[in-house]
Amino acid sequence: MSYRGIKMILPDTRHTLGMLVLACLAVLFSAPAQAFIENNVQCTRPAGAPGVQDLGAVSPGQDISFVILLDCKVLRRYPIGLNLSYTSGYTQNPVGPKFEVGSNGRRVSEGGMGSTAGVCLPATCTALPVGYRFQTVVVFKGVAGTKPGKYVFLYGLFATSLGWENYSDAVTAGVMFYTVENPACSLVSSDTANLQFGTLSSADFSAASQTAYIDLSCKSATQATVKLTPTQSVVDSAAGISATTLAGLSMVSNWADTGAAVNFSTTRSLNFNAGSNTLGLRFQPRLNSPSVQPVGSFSSQYTLTITYL
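Numbers -35 to -1, 1 to 274, taken from mature numbering (1 follows the signal peptide of the UniProt record, and there is no 0), label the letters of the sequence shown in order.
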């Protein structure tokens, strides 16, 4: 009897940004209830700097960061100083942890239009004349979410005149996204297990069994479902019985850890630990009828599919 293969299947975590991103940016910069006087400062990003940043695939809880470089020009005088604040949020589930935002080594506070809770630009709170130019770097630092999936993070930066809070501008906005991969498990044992029953007589079938052990190593604890699918026809799905290549002889499959029959129609849920894990499947030949004594060689093949949740 041979046991064939393990297929690892990861769920599709792709999402389309499209109009969703544009709609959420509109929400970030929606018209405020209070009337603000804008066009006090104009800030642009360097040519080619993306407004949408993809950090790619990351591990759960991994340190992540992204940087925004702004080149600003004062259009209306700031008598006391220019204050920078930000707003941010995730567009959909999953929702990740908040970011810490800094500019030139100082922490930027959450705020928005009219907020003076942040830090002054370019360096300290000081009067800025019309035509004054400066550059600033804004850094978002944090950790990735822990739930597998695509995370879409939106942010907006705002400049407000100290002492004249109704003079306020939405400086820039953008989107950052990343994908948290499923906790990676790798197959330690061979992807093909061959079990040999040797020579059997009908009297040996009640005691003859072979167990296939599948060893995996996981970077972190994860949940998974497993399903066994026979290549030969199914005799009794709920009882884990399938045909072999020898007429009159079937094969019974059981989970080695519980002794329960493998149900070919359903999946089994398992919790894999960080580190080494072993999954066992026991197989035992069975005569279809005591009155029929098949003679000859036989084989039975199965595919075990493991799906991370």
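Even for Gly, the Cβ is constructed at its ideal location relative to N, Cα and C.
Note that this is a predicted model, so its numbers are computed, not measured.
C-beta contact flag for residue i and residue j at 8 angstroms
i	j	result
residue 203	residue 230	yes
residue 44	residue 128	yes
residue 205	residue 226	yes
residue 2	residue 132	yes
residue 137	residue 79	no
Helix, strand or coil at residue i according to DSSP, with G and I counted as helix
i	result
residue 222	coil
residue 134	strand
residue 169	helix
residue 250	strand
residue -14	Legend: pLDDT at residue -14 = 43, less than 50; position of this residue unreliable, value from coordinates given subsequently. Residue -14: helix per DSSP, three-state reduction.
residue 259	coil
residue 265	coil
residue 118	strand
residue 97	coil
residue 205	coil
residue 42	coil
residue -28	Low confidence applies here, because residue -28 scores a pLDDT of 30, under 50, leaving its location unreliable; read the following figure in that light. Strand.
residue 159	strand
residue 24	coil
residue 69	coil
residue 146	coil
residue 85	strand
residue 242	strand
Nearest neighbour of residue i, chosen from the options [CA to CA]
i	options	result
residue 8	160, 121, 113, 76	121
residue 15	227, 134, 22, 142	142
residue 249	1, 6, 221, 88	221
residue 158	66, 244, 92	244
residue 258	169, 232, 190	169
residue 61	72, 112, 101	112
residue 70	93, 104, 80	104
residue 156	99, 181, 163	181
Between the CA atoms of residue j and residue i - distance to the nearest angstrom
i	j	result
residue 318	residue 146	Residue 318 lies beyond the stretch modelled for the chain, which goes from -35 to 274, so this question has no answer here.
residue 194	residue 20	38 angstroms
residue 97	residue 58	42 angstroms
residue 64	residue 215	59 angstroms
residue 212	residue 22	50 angstroms
residue 272	residue 123	44 angstroms
residue 264	residue 190	26 angstroms
residue 261	residue 208	15 angstroms
residue 33	residue 42	24 angstroms
residue 55	residue 139	12 angstroms
residue 67	residue 87	13 angstroms
residue 268	residue 10	53 angstroms
residue 210	residue 201	16 angstroms
residue 6	residue 94	11 angstroms
residue 35	residue 234	50 angstroms
residue 270	residue 179	12 angstroms
Residue i Cβ short of 7 angstroms to the ligand PLP heavy atom set
i	result
residue 256	Only the bare structure without any ligand can be found here, which leaves the ligand PLP out of the picture.
Could you tell me whether the segment 12 to 30 touches the segment 44 to 53, using the rule of 3 or more Cβ pairs below 8 angstroms? no
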